[in-house]
Amino acid sequence: DWNVGSKISWVDENGETKTATRPDREAILRLTECEVDEEPGRCIRLQRRNAEGDLEESYVSFLAVSDMDPQSHFPGREWIYRIQSHSLKFPVEVSIRAHHMENVSVLKGLQNSERELNDQRHQAALGGTVDRTVDRKAAGVKLMQDVFQTTGAPGFEMSVLFAVYA
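Going by our numbering, the first residue of the sequence shown is number 8, and it counts up by one from there.
Given below as structure tokens:
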């Protein structure tokens with residue numbers, strides 16, 4: 008059972024009991040103090056000697072989110088809060104990066120996607136093969152173009168990366 012800190016509890020202003028983990032900085036490995044082995048495959052093995060001279064070993068795996076539900080089911084159902092609220096038996100870090108895109112840039116990107124899909128259809132008409140998902144993707148592009156043209160809203164490119172330690 009990996010212990011990276013101590014649990015603390017308190018009562019908030021509404022009288023609800025809240026809990027959190029206060030990290031123990033000595034329990035968190037520094038990469039500069041470890042031998043890093045990338046051989047295991049989908050994870051990295053870290054080894055270091057502790058204060059007693061014993062060899063400690065831990066593993067880190069990085070998982071990238073490739074598909075996310077476009078609809079947010081809230082309040083109280085946001086995925087980031089669900090990760091925080093569950094008591095996982097191992098530490099998990101989340102890196103979220105969001106890049107703001109002006110509405111004009113979003114529409115230009117959607118127009119480029121539409122052109123690429125039309126090129127694929129044209130190649131198929133000339134005797135080539137086309138992916139079965141082209142029609143579905145084209146419908147999605149049209150829908151997004153309509154949303155961004157109607158609302159004038161900006162867009163965001165996001166990347167979400169999980170680091171799981173064991």
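Glycine included, C-beta positions come from ideal geometry on N, C-alpha and C.
Distance, residue j Cα to residue i Cα
i      : j      : result
Met75  : Glu59  : 45 Å
Leu114 : His107 : 14 Å
Phe97  : Thr28  : 12 Å
Asp138 : Ala132 : 13 Å
Trp17  : Glu123 : 56 Å
Trp86  : Ala71  : 15 Å
Gly22  : Lys14  : 19 Å
Residue from the options with nearest C-alpha to residue i
i      : options                         : result
Ala170 : Val137, Cys50, Asp61 and Ser13  : Cys50
Val101 : His129, Gly22, Tyr88 and Ile15  : Tyr88
Arg104 : Leu168, Lys25, Pro161 and Thr24 : Leu168
Val99  : Gly159, Glu20, Tyr172 and Lys25 : Tyr172
Met165 : Ser73, Glu20 and Ile90          : Ser73
Residues of its chain near residue i, where Cβ-Cβ distance is below 7 Å and the 5 sequence neighbours each way are ignored
i      : result
Arg143 : none
Start-to-end residues for the alpha helix (DSSP H) that takes in residue i
i     : result
Phe97 : Looking at the DSSP string, Phe97 is not in any alpha helix (DSSP H), and its letter there is neither H nor E.
Pair within 8 Å by beta-carbon distance, residue i and residue j
i      : j      : result
Ser120 : Val148 : yes
Lys110 : Phe155 : In the sequence under discussion, the amino acid at residue 110 is Asn, which differs from the Lys named in the question. Closer than 8 Å, so yes.
Sequence-distant residues of the same chain with beta carbon closer than 6 Å to residue i, five excluded per side
i      : result
Met151 : Leu117
Enclosing beta strand (DSSP E) for residue i [first to last residue]
i      : result
Glu64  : Leu62 to Ala71
Val113 : Taken as a continuous stretch (DSSP letters only), Val113 belongs to no beta strand (DSSP E), being part of the alpha helix (DSSP H) at Asn110 to Ala132.
Residue i Cβ short of 7 Å to the ligand SAH heavy atom set
i      : result
Val137 : Ligands in the displayed structure: none, and consequently the ligand SAH is not present.
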